[in-house]
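Visitor: Protein sequence lines correspond, in order, to chains C and B. Quick note, the working numbering runs 102 ahead of the 1-based positions in the first sequence. Quick note, the working numbering runs 37 ahead of the 1-based positions in the second sequence.
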Amino acid sequence: MIIKQIVRVTGVTKDFDLGKIVVNVLKGIDLEIETGKYVSIMGPSGSGKSTLFNMIGGLDKPTEGKVFIDEVDIAQLDAYELAWLRCRKIGYIFQTFNLIPVMTALENVTLPMTFAGVPGDTAISRGMELLAQVGLEGRHAHKPAELSGGQQQRVAVARALANTPSIILADEPTGNLDLKTGEEIISLLKQMSEEQGVTVISATHDYKMLNVSDQVIWIRDGRVDKIQDRDELEIHTGGMSS
Amino acid sequence: MRQLVVLPWKQSLIMSYKSIRARFFRSLVTTMTLVLAVSFLAFSQISIDIADAMLVSDNPVFHRILLQSGYDILPDDVSLSASPKQRWIVVLSLLVCVVGIINAQLMSVTERFREIGTMKCLGALDRFIVRIFVMEASMQGFAGSVTGAFVGGIAACSGAIFRFGTDILPIFPWQDILSTSALAIGTGIGLSLLGVLYPAIMAARMQPVEAMRVEQ
Chain C
103 MIIKQIVRVT
113 GVTKDFDLGK
123 IVVNVLKGID
133 LEIETGKYVS
143 IMGPSGSGKS
153 TLFNMIGGLD
163 KPTEGKVFID
173 EVDIAQLDAY
183 ELAWLRCRKI
193 GYIFQTFNLI
203 PVMTALENVT
213 LPMTFAGVPG
223 DTAISRGMEL
233 LAQVGLEGRH
243 AHKPAELSGG
253 QQQRVAVARA
263 LANTPSIILA
273 DEPTGNLDLK
283 TGEEIISLLK
293 QMSEEQGVTV
303 ISATHDYKML
313 NVSDQVIWIR
323 DGRVDKIQDR
333 DELEIHTGGM
343 SS
Chain B
38 MRQLVVLPWK
48 QSLIMSYKSI
58 RARFFRSLVT
68 TMTLVLAVSF
78 LAFSQISIDI
88 ADAMLVSDNP
98 VFHRILLQSG
108 YDILPDDVSL
118 SASPKQRWIV
128 VLSLLVCVVG
138 IINAQLMSVT
148 ERFREIGTMK
158 CLGALDRFIV
168 RIFVMEASMQ
178 GFAGSVTGAF
188 VGGIAACSGA
198 IFRFGTDILP
208 IFPWQDILST
218 SALAIGTGIG
228 LSLLGVLYPA
238 IMAARMQPVE
248 AMRVEQ
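(1) Report back the beta-carbon spacing between residue 225 of chain C and residue 189 of chain C to the nearest angstrom; my notes put them in contact at under 8 Å.
(2) Contact criterion: CB-CB distance below 8 Å. Does residue 214 of chain C meet it with respect to chain B?
(3) For the segment 191-203 of chain B and the segment 240-248 of chain B, state whether three or more C-beta atom pairs, one from each stretch, are separated by less than 8 Å.
(4) Just to confirm, are residue 162 of chain B and residue 181 of chain C a CB contact at a threshold of 8 Å?
(5) Kindly indicate if chain C contains any beta-carbon less than 8 Å away from that of residue 55 of chain B.
(6) Between which two residues does the alpha helix (DSSP H) harbouring residue 227 of chain C extend?
(7) Put residue 171 of chain C into one of helix, strand or coil per three-state DSSP.
(8) In angstroms with no decimal places, state the Cα-to-Cα distance between residue 312 of chain C and residue 296 of chain C.
(9) Ends of the beta strand (DSSP E) at residue 118 of chain C?
(10) Between the alpha carbons of residue 229 of chain B and residue 216 of chain C, how many angstroms are there, rounded?
(11) Thinking residue 49 of chain B and residue 57 of chain B are a contact (beta carbons under 8 Å), I'd like their distance in whole angstroms, please.
(12) Is there at least one Cβ from chain C nearer than 8 Å to residue 160 of chain B's Cβ?
(13) Just list the residues that DSSP pairs residue 134 of chain C with in beta bridges.
(14) Going along chain C, which residues have a C-beta under 8 Å from residue 44 of chain B?
(15) Can you give me the start and stop residues for the alpha helix (DSSP H) that residue 300 of chain C sits inside?
(16) Could you check how far apart the C-beta atoms of residue 257 of chain C and residue 238 of chain C are, in whole angstroms? I think they sit under 8 Å.
(17) Given that residue 256 of chain C touches chain B, what residues does it touch there, using C-beta distances under 9 Å?
(18) Taking the C-alpha atoms as reference points, what is the distance between residue 125 of chain C and residue 208 of chain C?
(19) I'd like to confirm the pairing. Which residues does DSSP put opposite residue 145 of chain C in its beta bridges?
(20) Could you tell me the distance, in whole angstroms, from the CA atom of residue 134 of chain B to the CA atom of residue 227 of chain B?
(21) Would you kindly check if the distance between the Cβ of residue 316 of chain C and the Cβ of residue 141 of chain C is under 8 Å?
(22) Tell me whether residue 328 of chain C sits in a helix, a strand or coil according to DSSP, three-state version.
(23) Give the single residue among B/75, B/41, B/212, B/155 whose Cα lies nearest to the Cα of residue 248 of chain B.
(24) Considering only DSSP beta bridges, list what residue 194 of chain C is partnered with.
(25) Within 8 Å (strictly less), CB to CB, does residue 241 of chain B reach chain C?
(26) Which residues, taken in chain order from the segment 135-160 of chain B, show a beta carbon closer than 8 Å to some beta carbon of chain C?
(27) Quick check: the Cα distance between residue 319 of chain C and residue 289 of chain C, rounded to an integer number of angstroms?
(28) Note down, in chain order, each residue of its chain lying with its Cβ closer than 7 Å to the Cβ of residue 112 of chain C, except the 5 sequence neighbours on either side.
(29) By DSSP, does residue 202 of chain C sit in helix, in strand, or in coil?
(30) Does DSSP put residue 319 of chain C in a helix, a strand or coil?
(31) Residue 74 of chain B lies in the alpha helix (DSSP H); which residues open and close that run?
(32) Say whether chain B places a C-beta atom closer than 8 Å to the C-beta of residue 228 of chain C.
(33) Could you tell me which residues DSSP puts in a beta bridge with residue 140 of chain C?
(34) Residue 67 of chain B to residue 138 of chain B, Cα distance in whole Å?
(35) Can you give me the C-alpha to C-alpha distance between residue 188 of chain B and residue 76 of chain B, rounded to a whole angstrom?
(36) Hey, is residue 233 of chain B's beta-carbon within less than 8 Å of any beta-carbon in chain C?
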């Protein structure tokens with residue numbers, strides 16, 4: 103089997119110019135992420151994991167270095183291609199859910215399909231299917247404000263899956279959820295990654311994530327601290343949870 | 038590649054309509070600004086139309102009434118233009134209206150930064166965002182201007198009848214009144230679009246991360 107890299111990050115640095123001082127958030131990151139893996143980017147807050155996450159997702163541009171998605175340098179893409187990438191290739195899940203408040207659950211899920219040019223009926227039936235998959239049958243007509251945090255995040259998972267992306271990027275998906283709901287979302291993500299072969303990359307400091315991750319990338323102070331595969335990890339988490 | 042990210046017109050129309058409905062009261066306030074400005078514009082222009090019609094009617098009674106109600110008529114005048122002062126007031130009212138609309142739209146855009154950022158993450162192009170805001174503004178502009186022109190027209194006509202008596206009905210310049218109303222409606226829609234353009238373009242150009250970093 104040929105192992106394919108879906109995301110490749112080479113020598114990425116990111117500086118934020120705050121006027122008087124320049125903050126080097128990322129200080130040279132090299133990464134390779136294989137297709138179909140469930141990867142967690144772990145690190146304390148302020149370590150730059152969210153910034154790295156934004157770079158991988160094409161939401162922000164690195165100061166130096168390159169990010170390749172499917173061997174395409176995303177810095178070279180124009181506005182249309184970037185929009186296409188965000189629409190078709192990547193599904194985003196955020197800590198704050200970021201559903202559109204004036205739209206119902208179903209409309210939130212079908213929105214990316216609308217951008218992708220999927221005809222209305224097809225989009226609606228796929229939207230209903232996805233909502234059922236994430237365990238929200240019968241809640242399609244509810245607005246985000248009428249759903250609990252966990253349910254909103256489920257809608258967000260369904261929305262991220264709408265255009266069958268190759269990558270799901272989740273930025274602290276459990277950050278605003280309680281322990282149990284957080285676990286449910288994590289197992290949902292794991293299930294999606296196993297069933298559909300989607301690469302899941304999540305930035306988190308939630309240790310619950312470790313149990314399901316195939317690979318954990320530890321970020322410390324803007325650099326990759328260590329990369330651990332699942333087997334090395336079990337020992338580590340064992341120590342953690344005791 | 039270019040055709041692969043789309044937002045059909047019908048869909049953007051539905052989205053703008055929904056967003057107006059969701060913030061109905063605020064939209065109403067923005068629309069009221071337009072109603073007031075456009076009705077004032079329509080009122081003053083239609084009043085002049087009516088006075089013009091009385092002037093060209095060559096009826097000495099009308100001339101006397103016009104003089105009595107404060108119009109300055111020179112013997113060879115064929116048209117009564119608005120006095121500079123009146124024109125200034127109209128221009129000022131329109132200016133105030135545009136400033137009001139820009140303010141309201143800036144607020145509505147700021148409130149929706151996160152929503153805009155999210156849409157861009159889902160693959161929306163800058164012009165989809167601009168289009169949604171422009172459509173919203175045109176709907177508000179249309180509703181506000183039509184109401185305003187109607188209110189202003191009614192006020193001018195009934196004012197004229199009240200001041201000059203029902204004798205002027207036969208010489209009522211219906212055609213001029215209609216074209217003036219149409220012009221006022223056009224101006225209103227134009228102002229509404231002018232007011233939304235800067236906020237909408239500003240919102241659309243934001244990077245998704247910046248838009249979503251905004252605390253709400």
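By construction, the Cβ of each residue, glycine as well, lies at the ideal position given by its N, Cα and C atoms.
Guide: Put simply:
(1) The residue you call residue 225 of chain C lines up with position 123 of the first sequence. The residue you call residue 189 of chain C lines up with position 87 of the first sequence. That belief does not hold up - the Cβ atoms of residue 225 of chain C and residue 189 of chain C are roughly 13 Å apart, past 8 Å.
(2) Within the first sequence, residue 214 of chain C is the residue found at index 112, counting from 1. Chain B, which has a Cβ nearer than 8 Å to the Cβ of residue 214 of chain C, makes this yes.
(3) By the criterion of at least three beta-carbon pairs nearer than 8 Å, the segment 191-203 of chain B is not in contact with the segment 240-248 of chain B.
(4) In the second sequence, the residue the question calls residue 162 of chain B occupies position 125. In the first sequence, the residue the question calls residue 181 of chain C occupies position 79. Taking 8 Å as the Cβ cut-off, residue 162 of chain B and residue 181 of chain C qualify as a contacting pair.
(5) In the second sequence, the residue the question calls residue 55 of chain B occupies position 18. Chain C, which has a Cβ nearer than 8 Å to the Cβ of residue 55 of chain B, makes this yes.
(6) Here residue 227 of chain C refers to the residue found at position 125 when the first sequence is read from its first residue. Where residue 227 of chain C is concerned, the enclosing alpha helix (DSSP H) stretches over 222-235.
(7) Numbered from 1 along the first sequence, position 69 holds the residue referred to as residue 171 of chain C. Strand, per DSSP.
(8) Within the first sequence, numbered from 1, the residue matching residue 312 of chain C stands at position 210. Within the first sequence, numbered from 1, the residue matching residue 296 of chain C stands at position 194. C-alpha separation (whole angstroms): 16 Å.
(9) Residue mapping note: residue 118 of chain C aligns to position 16 of the first sequence, counting from 1. Per DSSP, residue 118 of chain C belongs to the beta strand (DSSP E) from 107-119.
(10) Mapped onto the second sequence, residue 229 of chain B falls at position 192. Mapped onto the first sequence, residue 216 of chain C falls at position 114. Roughly 28 Å separates the two Cα atoms.
(11) As a working note, residue 49 of chain B is residue 12 in the second sequence. As a working note, residue 57 of chain B is residue 20 in the second sequence. Wrong, their Cβ atoms sit about 13 Å apart, outside the cutoff.
(12) In the second sequence, residue 160 of chain B corresponds to position 123, counting from 1. Output row for residue 160 of chain B: interface = yes.
(13) As a position in the first sequence, residue 134 of chain C is number 32, starting the count at 1. Looking at the DSSP assignment, residue 134 of chain C forms a beta bridge with C/110.
(14) Within the second sequence, the letter at position 7 stands for residue 44 of chain B. Here the neighbours are 216, 217.
(15) As a working note, residue 300 of chain C is residue 198 in the first sequence. Unbroken run through residue 300 of chain C: none, as it is neither H nor E.
(16) As a first step, residue 257 of chain C must be located in the first sequence, where it is residue number 155. As a first step, residue 238 of chain C must be located in the first sequence, where it is residue number 136. That pair is a contact at about 7 Å.
(17) Looking up residue 256 of chain C in the first sequence gives position 154. Residues of chain B passing the Cβ test: none, with the nearest at roughly 16 Å.
(18) Numbered from its first residue, the first sequence carries residue 125 of chain C at position 23. Numbered from its first residue, the first sequence carries residue 208 of chain C at position 106. Spanning the two alpha carbons is a distance of roughly 41 Å.
(19) For this step, residue 145 of chain C is matched to residue 43 along the first sequence. In the DSSP output, where bridge partners are listed per residue, residue 145 of chain C has none listed.
(20) Numbered from 1 along the second sequence, position 97 holds the residue referred to as residue 134 of chain B. Numbered from 1 along the second sequence, position 190 holds the residue referred to as residue 227 of chain B. Near 12 Å, if we compare the C-alpha coordinates of residue 227 of chain B and residue 134 of chain B.
(21) For the purposes of this step, residue 141 of chain C is taken as residue 39 along the first sequence, with counting starting at 1. For the purposes of this step, residue 316 of chain C is taken as residue 214 along the first sequence, with counting starting at 1. Yes, they are a contact pair.
(22) The sequence position of residue 328 of chain C within the first sequence is 226, counting from 1. In this structure, residue 328 of chain C counts as strand in the three-state DSSP scheme.
(23) The count along the second sequence starts at 1 and reaches residue 248 of chain B at position 211. Here the closest residue by C-alpha is B/155.
(24) One-based indexing of the first sequence puts residue 194 of chain C at position 92. Per DSSP, the beta-bridge partners of residue 194 of chain C are C/271.
(25) Reading the second sequence from its first residue, position 204 is the one you call residue 241 of chain B. No, its Cβ sits nowhere closer than 8 Å to a Cβ of chain C.
(26) Here the close residues are 151, 152, 154, 155, 156, 157, 158, 159, 160.
(27) The residue you call residue 319 of chain C lines up with position 217 of the first sequence. The residue you call residue 289 of chain C lines up with position 187 of the first sequence. Roughly 19 Å between the two C-alpha positions.
(28) In the first sequence, the residue the question calls residue 112 of chain C occupies position 10. Cβ within range, chain order: 132, 167, 168.
(29) Within the first sequence, the letter at position 100 stands for residue 202 of chain C. Residue state, collapsed to three classes: coil.
(30) Here the question's residue 319 of chain C lines up with position 217 in the first sequence. The answer is strand: DSSP assigns residue 319 of chain C an E or B state.
(31) Position 37 of the second sequence, counted from the start, is the residue given in the question as residue 74 of chain B. Run containing residue 74 of chain B: 61-93, per the alpha helix (DSSP H) assignment.
(32) Along the first sequence, one-based indexing puts residue 228 of chain C at 126. No Cβ of chain B is located within less than 8 Å of the beta carbon of residue 228 of chain C.
(33) Here residue 140 of chain C refers to the residue found at position 38 when the first sequence is read from its first residue. Partner(s): C/302.
(34) Working through the second sequence from its first residue, we reach residue 67 of chain B at position 30. Working through the second sequence from its first residue, we reach residue 138 of chain B at position 101. Spanning the two alpha carbons is a distance of roughly 6 Å.
(35) For the purposes of this step, residue 188 of chain B is identified with residue 151 of the second sequence, where counting begins at 1. For the purposes of this step, residue 76 of chain B is identified with residue 39 of the second sequence, where counting begins at 1. The alpha-carbon atoms of residue 188 of chain B and residue 76 of chain B are separated by roughly 6 Å.
(36) Along the second sequence, read from residue 1 onward, the residue named residue 233 of chain B stands at position 196. For residue 233 of chain B, the answer is no, since every Cβ of chain C falls outside 8 Å of its Cβ.
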